[in-house]
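Only one structure is covered here, and it is reproduced in the block below.
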Amino acid sequence: MIYLSATKKKKRDSQSDKKHSSTYDGFTLIELMVVIVILGILAAFVVPKLTKRPEDARVVKAKVEISNLEQALELYYLDNGRYPETDQGLRALVAKPGSGDDLQNWREGGYLVKGKLPDDPWGSPYVYVSPGVNNADYDLYSRGKNGEEGGEGYDADIVNWE
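Take a look at the structure:
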């Protein structure tokens with residue numbers, strides 16, 4: 002008899018569970034609205050940070066490329082005893098200058114790993130001036146996002162003298 006009453010009790014519990022669970026089969030409109038508001042607040046904080054990341058990456062890439070170009074210019078100097086002139090520009094790192102009679106040690110294949118002169122991350126050529134205004138040997142820089150000298154923030158020049 003105890004066994005039967007325990008079984009009956011289980012049946013009652015399972016029936017009450019069914020009734021209880023059927024009242025909670027979905028989310029209420031309020032619960033959905035709260036979740037949407039929370040997601041909106043999170044997006045308001047996250048999206049601006051993510052949109053700045055590509056520009057930060059472009060600035061870092063420009064600094065790395067300037068450093069790589071400086072290393073190539075140093076190799077050029079070691080082989081030839083001088084830096085390329087302003088009118089020869091950075092092209093002298095990938096192709097022997099036309100008036101290269103005095104460049105007996107110019108490295109066949111050039112001084113850049115891929116043999117190609119990179120543009121800055123915004124698609125403009127790097128600026129090379131020799132002798133430099135800010136450095137004795139040469140100035141090397143990118144004009145930044147706006148492509149014009151000077152500027153602030155992402156429009157600022159990325160230079161080899163700072």
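Position one of the sequence shown corresponds to residue 2 (our numbering), numbered consecutively onward.
All C-beta atoms in this analysis are idealised placements derived from N, C-alpha and C, irrespective of residue type, glycine included.
Kindly indicate which three-state DSSP category residue i falls into: helix, strand or coil?
i, result
"residue 80", "helix"
"residue 140", "strand"
"residue 103", "helix"
"residue 108", "coil"
"residue 1", "Because the chain here runs from 2 to 163, residue 1 falls outside it and cannot be looked at."
Give me the DSSP bridge partner(s) of residue i.
i, result
"residue 1", "The first residue shown for the chain is 2 and the last is 163, placing residue 1 beyond what the model contains."
"residue 160", "142"
Quick one: using the 10 Å Cβ neighbour count with 16 as the cut-off for buried, is residue i buried or exposed?
i, result
"residue 146", "buried"
"residue 85", "buried"
"residue 11", "Confidence at residue 11 is low in this model, with a pLDDT of 49, below 50, so its placement is unreliable and the value that follows should be read with caution. Exposed: under 16 other Cβ atoms inside 10 Å."
"residue 159", "buried"
"residue 73", "buried"
Going by C-alpha to C-alpha distance, which of the options sits closest to residue i?
i, options, result
"residue 115", "58, 56 and 70", "70"
"residue 77", "93, 87, 66 and 62", "93"
"residue 132", "36, 87, 98 and 56", "87"
"residue 68", "151, 153, 148 and 127", "127"
* Asked: Taking one C-beta from the region 117 to 125 and one from the region 53 to 67 each time, how about it: are there three or more such pairs within less than 8 Å?
  -> The answer is yes - the region 53 to 67 touches the region 117 to 125, with three or more Cβ pairs under 8 Å.
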